[in-house]
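Asks:
Number of protein chains: 2
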Amino acid sequence: MVVDRAELHALLDDALVAHVGVTLGEHPVVLPAAFAADPDGPDEDGTLYVHGSVAAGWLRGATDATVCVTVTQLDGLVAGRSAFHHSMNYRSAVVIGPARLVEDPAEKQHALRLIVDHMVPGRSATLRPDTRKELAATAVLAVPLHEASLKVRGGGPVDEPEDVAAGVWGGHVPLRLVAGEPVADVDATGAVPDDVRRRADVLAAR
Amino acid sequence: MVVDRAELHALLDDALVAHVGVTLGEHPVVLPAAFAADPDGPDEDGTLYVHGSVAAGWLRGATDATVCVTVTQLDGLVAGRSAFHHSMNYRSAVVIGPARLVEDPAEKQHALRLIVDHMVPGRSATLRPDTRKELAATAVLAVPLHEASLKVRGGGPVDEPEDVAAGVWGGHVPLRLVAGEPVADVDATGAVPDDVRRRADVLAAR
Numbered sequence: 353m354v355v356d357r358a359e360l361h362a363l364l365d366d367a368l369v370a371h372v373g374v375t376l377g378e379h380p381v382v383l384p385a386a387f388a389a390d391p392d393g394p395d396e397d398g399t400l401y402v403h404g405s406v407a408a409g410w411l412r413g414a415t416d417a418t419v420c421v422t423v424t425q426l427d428g429l430v431a432g433r434s435a436f437h438h439s440m441n442y443r444s445a446v447v448i449g450p451a452r453l454v455e456d457p458a459e460k461q462h463a464l465r466l467i468v469d470h471m472v473p474g475r476s477a478t479l480r481p482d483t484r485k486e487l488a489a490t491a492v493l494a495v496p497l498h499e500a501s502l503k504v505r506g507g508g509p510v511d512e513p514e515d516v517a518a519g520v521w522g523g524h525v526p527l528r529l530v531a532g533e534p535v536a537d538v539d540a541t542g543a544v545p546d547d548v549r550r551r552a553d554v555l556a557a558r
Numbered sequence: 353m354v355v356d357r358a359e360l361h362a363l364l365d366d367a368l369v370a371h372v373g374v375t376l377g378e379h380p381v382v383l384p385a386a387f388a389a390d391p392d393g394p395d396e397d398g399t400l401y402v403h404g405s406v407a408a409g410w411l412r413g414a415t416d417a418t419v420c421v422t423v424t425q426l427d428g429l430v431a432g433r434s435a436f437h438h439s440m441n442y443r444s445a446v447v448i449g450p451a452r453l454v455e456d457p458a459e460k461q462h463a464l465r466l467i468v469d470h471m472v473p474g475r476s477a478t479l480r481p482d483t484r485k486e487l488a489a490t491a492v493l494a495v496p497l498h499e500a501s502l503k504v505r506g507g508g509p510v511d512e513p514e515d516v517a518a519g520v521w522g523g524h525v526p527l528r529l530v531a532g533e534p535v536a537d538v539d540a541t542g543a544v545p546d547d548v549r550r551r552a553d554v555l556a557a558r
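If you read the protein sequences in the order shown, they are chains V and S.
Numbering-wise, the working numbering comes out as the position in the first sequence, counting from 1, plus 352.
Numbering-wise, the working numbering comes out as the position in the second sequence, counting from 1, plus 352.
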């Protein structure tokens with residue numbers, strides 16, 4: 353599938369939540385999940401990783417099945433001059449492919465670091481290594497980024513000429529996800545670490 | 353299924369995008385969609401409506417099938433004291449049920465107004481009626497809100513006592529979706545209407 357890879361990876365960097373669709377029994381189930389994309393991952397055109405508890409039924413149901421991972425960033429509300437031309441501005445990537453349970457310890461550790469660093473860039477390097485128990489409790493799925501489509505809508509409404517001529521107002525309301533001040537845990541000592549501070553500042557400024 | 357209905361409807365009011373999972377061919381497909389919930393809708397425990405173009409394959413694929421509609425609001429990043437205890441704060445509703453194509457003209461019109469008013473409260477009353485052509489081009493699916501589950505995570509990390517004792521920082525970064533100033537279309541005349549202004553102000557203030 354042809355897709356602008358730079359635009360795809362920009363969205364996968366920006367967005368923080370993926371919606372993973374798996375077939376459980378007779379019907380699809382869609383669940384939110386943390387994720388990370390690795391353009392240089394071992395799968396064709398790179399790898400998208402999602403993780404969860406090994407106890408999660410959807411992870412077992414997804415393993416070796418074809419799944420759909422959709423990542424959407426909402427960028428605005430489009431107030432058209434008619435109900436029909438109301439819309440939303442967004443970027444959405446739809447990735448469809450076979451879900452592979454990551455069993456290689458090095459790849460699994462790499463994927464988990466990517467997922468943490470996707471939330472807070474640079475953070476994984478500041479943390480102790482995962483324990484064997486923690487690694488065993490976590491399942492990581494890999495989906496190839498090969499079959500990926502990207503849909504982007506931006507700007508104002510596309511209205512009927514007669515509604516424009518009638519002088520009805522049309523436009524859009526930009527939306528963005530922003531961060532507030534980091535909140536230290538009650539037991540936390542010391543200053544907010546640089547990585548968390550930077551993450552909050554970057555998300556507060558956009 | 354037991355779920356706090358007030359909390360469910362508060363999330364369905366807050367969130368603007370649903371992710372709809374349908375089975376197309378052999379695998380699930382997950383697509384973002386505008387939606388609205390009607391607690392008093394005709395289905396058991398109320399109705400969730402999504403709409404799209406009648407030309408959209410996923411809407412045809414969903415009709416009379418069991419679908420999953422998931423609505424997620426991201427509320428924060430949780431920076432744990434270990435990679436394992438990193439998480440996100442979110443509220444997520446998972447609704448599973450048979451998708452019914454809305455054919456009754458009055459229900460369809462009602463659902464489309466709800467969807468517009470979910471984006472910009474009060475807006476549908478200010479717009480001209482939909483034309484027959486517009487109504488014919490739009491498909492609305494109804495899913496009962498009966499089988500709905502809600503997952504909520506809030507606050508800081510739940511860390512290992514030894515990591516807390518070691519003095520590693522832990523906390524969270526609140527996230528929220530905010531609106532910028534409404535952007536008038538190039539052809540738009542007059543002031544930003546009250547409904548759009550209010551919507552932007554409410555989303556800017558939270």
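Using N, Cα and C, we set each Cβ at its ideal position, and we do this for glycine too.
List, in order along the chain, the chain S residues whose C-beta lies closer than 8 Å to that of F422 of chain V?
Replies: For this step, residue 422 of chain V is matched to residue 70 along the first sequence. Checking the sequence, you will find Thr at residue 422 of chain V rather than Phe. H371, V382, L383 and P384, listed in chain order.
Asks: For a contact meaning CB atoms closer than 9 Å, what does F387 of chain S contact in chain V?
Replies: In the second sequence, residue 387 of chain S corresponds to position 35, counting from 1. Here the premise fails: no neighbours, minimum Cβ distance about 11 Å.
Asks: Is any beta-carbon of chain V found at less than 8 Å from that of P545 of chain S?
Replies: Looking up residue 545 of chain S in the second sequence gives position 193. Chain V contact via Cβ: present.
Asks: Bridge partners for H403 of chain S per DSSP, in chain order?
Replies: For the purposes of this step, residue 403 of chain S is identified with residue 51 of the second sequence, where counting begins at 1. DSSP, once it has assigned bridges, lists S:V492 as partnering H403 of chain S.
Asks: From the DSSP output, in three-state form, read off R452 of chain V for me.
Replies: Taking the first sequence and counting its residues from 1, the one referred to as residue 452 of chain V is at position 100. The answer is strand: DSSP assigns R452 of chain V an E or B state.
Asks: Check the Cβ-Cβ distances between Y401 of chain S and every residue of chain V, and say whether any is below 8 Å.
Replies: The count along the second sequence starts at 1 and reaches residue 401 of chain S at position 49. Judged by the 8 Å Cβ criterion, Y401 of chain S is not in contact with chain V.
Asks: Could you tell me the alpha carbon to alpha carbon distance between G449 of chain V and G398 of chain S, rounded to whole angstroms?
Replies: Numbered from its first residue, the first sequence carries residue 449 of chain V at position 97. Numbered from its first residue, the second sequence carries residue 398 of chain S at position 46. Roughly 34 Å separates the two Cα atoms.
Asks: Less than 8 Å between the C-beta atoms of A388 of chain S and A458 of chain S, yes or no?
Replies: Position 36 of the second sequence holds residue 388 of chain S. Position 106 of the second sequence holds residue 458 of chain S. Taking 8 Å as the Cβ cut-off, A388 of chain S and A458 of chain S do not qualify as a contacting pair.
Asks: Please confirm whether A489 of chain V and V454 of chain V have their CB atoms less than 8 Å apart.
Replies: Translated into positions along the first sequence, residue 489 of chain V becomes position 137. Translated into positions along the first sequence, residue 454 of chain V becomes position 102. Going by C-beta atoms, A489 of chain V is not nearer than 8 Å to V454 of chain V.
Asks: What residue range does the beta strand (DSSP E) around P526 of chain S cover?
Replies: Along the second sequence, read from residue 1 onward, the residue named residue 526 of chain S stands at position 174. Its beta strand (DSSP E) spans residues G523 to A531.
Asks: Can you give the Cα-Cα distance for A477 of chain V and R443 of chain S, rounded to whole angstroms?
Replies: Against the first sequence, residue 477 of chain V aligns to sequence position 125. Against the second sequence, residue 443 of chain S aligns to sequence position 91. So the two alpha carbons sit approximately 29 Å from each other.
Asks: Which value, in whole angstroms, describes the spacing of the CA atoms of D456 of chain S and G373 of chain V?
Replies: By one-based count along the second sequence, residue 456 of chain S stands at place 104. By one-based count along the first sequence, residue 373 of chain V stands at place 21. Computed Cα separation, rounded: 30 Å.
Asks: Closer than 9 Å between beta carbons: that is the criterion. Which residues of the segment 356-369 of chain V meet it against chain S?
Replies: Those would be L368 and V369, in chain order.
Asks: E486 of chain S: which of S:H361, S:E512, S:A407 and S:P384 sits nearest, CA to CA?
Replies: For the purposes of this step, residue 486 of chain S is taken as residue 134 along the second sequence, with counting starting at 1. The candidate whose alpha carbon is nearest that of E486 of chain S is S:A407.
Asks: Short check: CB of V530 of chain V to CB of L555 of chain V, under 8 Å?
Replies: Translated into the one-based positions of the first sequence, residue 530 of chain V becomes position 178. Translated into the one-based positions of the first sequence, residue 555 of chain V becomes position 203. Yes, they are a contact pair.
Asks: By the criterion of Cβ-Cβ separation under 8 Å, what are the contact partners of E378 of chain S in chain V?
Replies: As a working note, residue 378 of chain S is residue 26 in the second sequence. By Cβ distance, chain V contributes T418.
Asks: So, does the CB of G532 of chain V fall closer than 8 Å to a CB anywhere in chain S?
Replies: In the first sequence, counting from the first residue as 1, residue 532 of chain V sits at position 180. Interface residue, yes.
Asks: Would you identify the three-state DSSP class for L429 of chain V, choosing helix, strand or coil?
Replies: Within the first sequence, numbered from 1, the residue matching residue 429 of chain V stands at position 77. Here L429 of chain V sits in strand by DSSP.
Asks: Express the C-alpha separation of P509 of chain S and G522 of chain S in angstroms, rounding to a whole number.
Replies: Stepping through the second sequence from its first residue, residue 522 of chain S is reached at position 170. Stepping through the second sequence from its first residue, residue 509 of chain S is reached at position 157. One C-alpha to the other measures close to 7 Å.
Asks: For the segment 432-443 of chain V, which residues have a CB atom closer than 7 Å to at least one CB atom of chain S, in sequence order?
Replies: The segment 432-443 of chain V vs chain S, Cβ under 7 Å: S434, A435, F436, H438, M440 and Y442.
Asks: Where does the unbroken alpha helix (DSSP H) through A518 of chain V begin, and where does it stop?
Replies: Here residue 518 of chain V refers to the residue found at position 166 of the first sequence. Per DSSP, A518 of chain V belongs to no alpha helix (DSSP H) and is neither H nor E.
Asks: To the nearest angstrom, report how far apart L502 of chain S and D356 of chain S are at their CA atoms.
Replies: Indexing the second sequence from 1 puts residue 502 of chain S at position 150. Indexing the second sequence from 1 puts residue 356 of chain S at position 4. Their backbone Cα atoms lie some 8 Å apart in a straight line.
Asks: With respect to the beta strand (DSSP E) encompassing V468 of chain V, which residues constitute its N-terminal and C-terminal limits?
Replies: Looking up residue 468 of chain V in the first sequence gives position 116. V468 of chain V -> not in any beta strand (DSSP E); alpha helix (DSSP H) instead, spanning P457 to M471.
Asks: Less than 8 Å between CB atoms is the rule here; does V446 of chain S satisfy it with respect to chain V?
Replies: The residue labelled residue 446 of chain S in the question sits at position 94 within the second sequence. Chain V contact via Cβ: present.
Asks: Checking contacts by CB at 8 Å: is V504 of chain V closer than that to chain S?
Replies: Walking along the first sequence from the start, residue 504 of chain V turns up at place 152. With 8 Å as the cut-off, V504 of chain V does not count as an interface residue toward chain S.
Asks: Give the interface partners of S476 of chain V over in chain S, defined as CB-CB distance under 8 Å, in chain order.
Replies: By 1-based counting over the first sequence, the position of residue 476 of chain V is 124. Under the 8 Å cutoff, chain S gives A435.
Asks: Would you report the Cα separation of L497 of chain S and T483 of chain V, rounded to the nearest angstrom?
Replies: The residue labelled residue 497 of chain S in the question sits at position 145 within the second sequence. The residue labelled residue 483 of chain V in the question sits at position 131 within the first sequence. Whole-angstrom Cα-Cα distance: 41 Å.
Asks: Using only the alpha-carbon positions, how far apart do E370 of chain V and Y401 of chain S sit?
Replies: Locating residue 370 of chain V in the first sequence gives position 18, where the first residue counts as 1. Locating residue 401 of chain S in the second sequence gives position 49, where the first residue counts as 1. In the sequence under discussion, the amino acid at residue 370 of chain V is Ala, which differs from the Glu named in the question. For A370 of chain V and Y401 of chain S, the distance between alpha carbons rounds to 22 Å.
Asks: Counting Cβ pairs closer than 8 Å, one from the segment 466-476 of chain V and one from the segment 424-433 of chain V, do we hit at least three?
Replies: No, they do not touch.
Asks: Comparing the C-beta of G542 of chain V with each C-beta of chain S, is any distance below 8 Å?
Replies: In the first sequence, residue 542 of chain V corresponds to position 190, counting from 1. It does: the Cβ of G542 of chain V has a partner Cβ on chain S nearer than 8 Å.
Asks: Just to make sure I have the definition right: I need the residues of chain V whose C-beta is within less than 8 Å of the C-beta of G523 of chain S. Which are they?
Replies: Position 171 of the second sequence, counting from 1, holds the residue named residue 523 of chain S. Under the 8 Å cutoff, chain V gives P534, V535, A536, D537, A540, V544 and V548.
Asks: List the whole-angstrom C-beta distance separating E512 of chain S from V447 of chain S, where the pair is believed to meet the contact cut-off of C-beta under 8 Å.
Replies: One-based indexing of the second sequence puts residue 512 of chain S at position 160. One-based indexing of the second sequence puts residue 447 of chain S at position 95. Not a contact, Cβ separation roughly 35 Å.
Asks: Give me the Cβ distance between V468 of chain S and V525 of chain V, rounded to the nearest whole Å; I'm assuming they're in contact under 8 Å.
Replies: Here residue 468 of chain S refers to the residue found at position 116 when the second sequence is read from its first residue. Here residue 525 of chain V refers to the residue found at position 173 when the first sequence is read from its first residue. About 13 Å separates the two Cβ atoms, so there is no contact after all.
Asks: Buried or exposed for A385 of chain S, please, with buried defined as at least 16 other CB atoms from any protein chain shown within 10 angstroms of its CB.
Replies: Reading the second sequence from its first residue, position 33 is the one you call residue 385 of chain S. Result: buried.
Asks: Between L464 of chain S and chain V, is any beta-carbon pair separated by less than 8 Å?
Replies: Stepping through the second sequence from its first residue, residue 464 of chain S is reached at position 112. At least one chain V Cβ lies under 8 Å of L464 of chain S.
Asks: At 8 Å on the CB atoms, spell out the chain V contacts of D482 of chain S, in chain order.
Replies: Here residue 482 of chain S corresponds to residue number 130 of the second sequence, with the count starting at 1. Simply S434, A435 and F436.
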